[in-house]
Every structure is written in C-alpha cells, then in structure tokens.
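**Q** So that you can map any letter, position 81 of the sequence shown is 81 in the UniProt record's numbering, and since no number is skipped, the others follow by simple counting.
The C-beta atom is built at its ideal place from N, Cα and C for all residues, glycine as well.
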Amino acid sequence: MNLALFDLDNTLIAGDSDSEWPKFLIKRGILDPEHHARQNDYFYEQYKAGTLDIFEFLNFQLAPLTRFSRDELDSLHAGYMAEHILPIIPPKARQLLAAHQTQGDVVMIITATNRFITGPIARELGVEHLIAVELEQDAAGNFTGKPTGTPSFQEGKITRLNEWLAARGETLASYDKTFFYSDSRNDLPLLSIVSNPVAVDADDTLRAHAEAHGWPVITLRD
Numbered sequence: 001m002n003l004a005l006f007d008l009d010n011t012l013i014a015g016d017s018d019s020e021w022p023k024f025l026i027k028r029g030i031l032d033p034e035h036h037a038r039q040n041d042y043f044y045e046q047y048k049a050g051t052l053d054i055f056e057f058l059n060f061q062l063a064p065l066t067r068f069s070r071d072e073l074d075s076l077h078a079g080y081m082a083e084h085i086l087p088i089i090p091p092k093a094r095q096l097l098a099a100h101q102t103q104g105d106v107v108m109i110i111t112a113t114n115r116f117i118t119g120p121i122a123r124e125l126g127v128e129h130l131i132a133v134e135l136e137q138d139a140a141g142n143f144t145g146k147p148t149g150t151p152s153f154q155e156g157k158i159t160r161l162n163e164w165l166a167a168r169g170e171t172l173a174s175y176d177k178t179f180f181y182s183d184s185r186n187d188l189p190l191l192s193i194v195s196n197p198v199a200v201d202a203d204d205t206l207r208a209h210a211e212a213h214g215w216p217v218i219t220l221r222d
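1. For A112 and Q154, I'd like the C-alpha separation in whole angstroms.
2. For L130, which beta-bridge partners are listed by DSSP?
3. Consult DSSP for D74 and reduce its assignment to one of helix, strand or coil.
4. Is it true that the segment 131-149 meets the segment 91-106, where meeting means three or more beta-carbon pairs spaced less than 8 Å apart?
5. Please report the distance separating the alpha-carbon of M1 from that of T159.
6. Taking the straight line between their C-alpha atoms, what separation do you get for D105 and L3?
7. In the structure shown, what three-state DSSP assignment does T102 receive?
8. Contact check, G149 vs E134 under 8 Å by CB: the rounded distance?
9. If we ignore side chains and look at the alpha-carbon of each, how far apart do residue 223 and F24 end up?
10. Hey, how far is the Cα of R67 from the Cα of T205?
11. From this set, L191, T102, L73, which residue's C-alpha is nearest G119's C-alpha?
12. E20 and I85 - do their beta-carbons sit closer together than 8 Å?
13. Measuring straight from C-alpha to C-alpha, what distance separates L172 and E211?
14. What residue does the beta strand (DSSP E) around G145 start on, and which one ends it?
15. Under the three-state reduction of DSSP, which class applies to Q154: helix, strand or coil?
16. Return the bridge partner residues of N114 from the DSSP annotation.
17. Could you say if the segment 173-184 and the segment 33-40 meet the contact criterion of at least three C-beta pairs nearer than 8 Å?
18. For P197, which residues in the same chain have their Cβ closer than 6 Å to its Cβ, ignoring the five residues on either side in sequence?
19. Less than 8 Å between the CB atoms is what I'm expecting for I109 and L161, so what's the real figure, rounded?
20. Which partner residues of A4 appear in the DSSP bridge assignment?
21. For chain C, check one thing: does any of its Cβ atoms lie closer than 8 Å to the Cβ of D204?
22. In the DSSP output, which residue or residues are listed as bridge partners for D9?
23. For I30, does the three-state DSSP call read helix, strand or coil?
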C-alpha cells in the first residue's frame with residue numbers, strides 16, 4: 001500500500017486559502033482592507049522567503065475567528081467556498097487525487113492552514129485524512145484565536161505526520177511508496193524523507209532543488 005501526501009495551498013488549489021479567507025471577509029465588510037492587506041503581504045513575503053514565524057502569523061490570522069459563533073463562521077465559510085475556493089480548484093488536481101484513490105493509496109492533505117478553513121476544502125476534494133493547524137475552542141465550541149499542538153508547518157509537518165502514523169501503529173516504512181506533492185520551499189523537510197517527492201507549480205527555490213535532485217516537476221494548472 002502507498003501513502004500519498006498533498007500540500008493544499010498553491011498545490012491542490014491555484015491560490016492560498018489562508019489569503020483568500022481575509023479577502024472574502026474584506027468583501028463582506030468584516031475586516032479593514034488596508035490594515036489586513038498590509039499585514040497579509042508582510043507575512044506572505046516571509047512565507048515565500050522561508051522565514052515565517054508561524055506563531056506570530058497565527059495570532060494575526062486567527063483573531064477574526066473569535067468575533068463569531070461557530071454557526072456564524074460555518075455560514076460565512078459556505079460563501080467563501082463558493083466564491084473563492086471552488087473557482088481555483090484545477091481539474092488536474094481532482095484527477096491526480098482520484099488516480100491515487102483508485103489504486104488504493106491512503107491519501108492525505110497536510111497543510112499549514114488551519115482546520116476550520118481547510119476541513120471543508122478537503123471534503124470537497126474527497127480526501128478523508130487531513131493534518132492541519134488545530135484550533136483551541138472554548139466550552140461553547142467557539143474559537144479562542146489560539147492554536148493547539150504543533151503547527152503543521154515546515155518540520156512541524158513531519159512531527160504531526162509521525163504522530164498520525166504512530167496512532168495507526170505505522171511509520172513511513174509501513175508503506176511501499178510514500179509520495180508528497182508540494183509547491184513550497186517550506187516543505188523541503190517532508191519532501192526530503194518520502195520516497196517519491198514531487199514539486200508542483202513550485203517556487204524558484206523548490207524548483208531548483210527538485211531539478212538538482214532529479215525530482216519530478218509538474219503543473220496541475222494547465
């Protein structure tokens with residue numbers, strides 16, 4: 001049996017779900033556009049450079065979730081999916097997922113974006129297993145604006161994946177082949193430990209690394 005891991009943002013979707021969410025909230029008049037655009041650009045440049053402080057980013061990104069009940073957030077998310085996510089899911093991404101599922105592979109999305117945003121996206125893509133940033137909730141089930149556990153970012157993806165495998169009584173070696181598809185230099189730690197790393201619509205750093213190491217370089221956006 002094989003294990004097929006997929007990054008989400010700019011890999012399975014042609015955009016960044018963490019960036020699309022505040023854009024949606026700005027359109028609805030919920031967030032201040034100038035402040036949020038400035039802060040989002042600040043963090044995105046860090047992300048592209050591989051220098052993002054994930055906890056500083058999460059403090060910023062999760063704060064708007066505290067302003068609404070879960071019911072209100074779920075209603076907002078439905079509109080966000082329709083307007084911002086469905087239009088940027090490439091057909092080739094669905095086809096690649098289906099190819100792995102058809103041959104009986106265990107398929108997982110592993111992302112640095114939080115579970116509130118990504119859970120419905122994973123369901124839309126037909127992916128059962130999801131590792132994402134987990135969010136703290138109060139007794140009423142509302143978000144506190146804080147993450148819990150290890151954020152699934154950079155080396156944290158390896159930590160979280162190993163925890164998931166251990167809970168199943170497995171390791172990476174339990175699988176005949178292990179695939180990881182990603183666009184980002186931030187995923188080089190996990191890409192480097194699977195048997196079949198694949199660069200997808202890769203940033204310049206990842207593309208250069210992939211070409212130097214003979215990894216496949218593909219696009220899902222044609």
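**A** Let me lay it out:
1. Here residue 112 refers to the residue found at position 112 of the sequence shown. Here residue 154 refers to the residue found at position 154 of the sequence shown. Answer to the nearest angstrom: the Cα atoms are 8 Å apart.
2. Here residue 130 refers to the residue found at position 130 when the sequence shown is read from its first residue. I109.
3. Taking the sequence shown and counting its residues from 1, the one referred to as residue 74 is at position 74. DSSP places D74 in helix when its eight states are reduced to three.
4. Segment contact: the segment 131-149 against the segment 91-106, fewer than three CB-CB distances shorter than 8 Å; contact not assigned.
5. The sequence position of residue 1 within the sequence shown is 1, counting from 1. The sequence position of residue 159 within the sequence shown is 159, counting from 1. C-alpha separation (whole angstroms): 22 Å.
6. The residue labelled residue 105 in the question sits at position 105 within the sequence shown. The residue labelled residue 3 in the question sits at position 3 within the sequence shown. Roughly 6 Å between the two C-alpha positions.
7. Within the sequence shown, numbered from 1, the residue matching residue 102 stands at position 102. In this structure, DSSP gives T102 a helical state, which the three-state scheme calls helix.
8. One-based indexing of the sequence shown puts residue 149 at position 149. One-based indexing of the sequence shown puts residue 134 at position 134. That belief holds up - the Cβ atoms of G149 and E134 are roughly 5 Å apart, short of 8 Å.
9. Within the shown structure, residues of the chain are numbered from 1 to 222, placing residue 223 beyond reach of any answer.
10. Residue mapping note: residue 67 aligns to position 67 of the sequence shown, counting from 1. Residue mapping note: residue 205 aligns to position 205 of the sequence shown, counting from 1. If I take the Cα positions, the gap works out to 38 Å.
11. Walking along the sequence shown from the start, residue 119 turns up at place 119. Nearest to G119 by alpha-carbon distance, out of L191, T102, L73, is L73.
12. For this step, residue 85 is matched to residue 85 along the sequence shown. For this step, residue 20 is matched to residue 20 along the sequence shown. Against a cut-off of 8 Å, the Cβ pair of E20 and I85 comes out as a contact.
13. The sequence position of residue 172 within the sequence shown is 172, counting from 1. The sequence position of residue 211 within the sequence shown is 211, counting from 1. The C-alpha of L172 lies about 24 Å from the C-alpha of E211.
14. Sequence index remark: in the sequence shown, residue 145 carries index 145 (1-based). Start and end: 143-148.
15. Here residue 154 refers to the residue found at position 154 of the sequence shown. In the structure shown, the three-state DSSP call for Q154 is coil.
16. Within the sequence shown, the letter at position 114 stands for residue 114. Within the DSSP secondary-structure output, N114 pairs in a beta bridge with V133.
17. At 8 Å Cβ cutoff, the stretches do not touch.
18. To locate residue 197, count along the sequence shown from 1; it is residue 197. For P197, where only same-chain residues beyond five positions count, the Cβ hits under 6 Å are F180, L191, W215.
19. Sequence index remark: in the sequence shown, residue 109 carries index 109 (1-based). Sequence index remark: in the sequence shown, residue 161 carries index 161 (1-based). Wrong, their Cβ atoms sit about 12 Å apart, outside the cutoff.
20. Mapped onto the sequence shown, residue 4 falls at position 4. Beta-bridge pairing links A4 to V107, F179.
21. Within the model displayed, chain C is absent; a lone protein chain is all it includes.
22. As a first step, residue 9 must be located in the sequence shown, where it is residue number 9. Beta-bridge partners assigned by DSSP to D9: I13.
23. On the sequence shown, residue 30 is found 30 positions in, with the first residue counted as 1. Coil.
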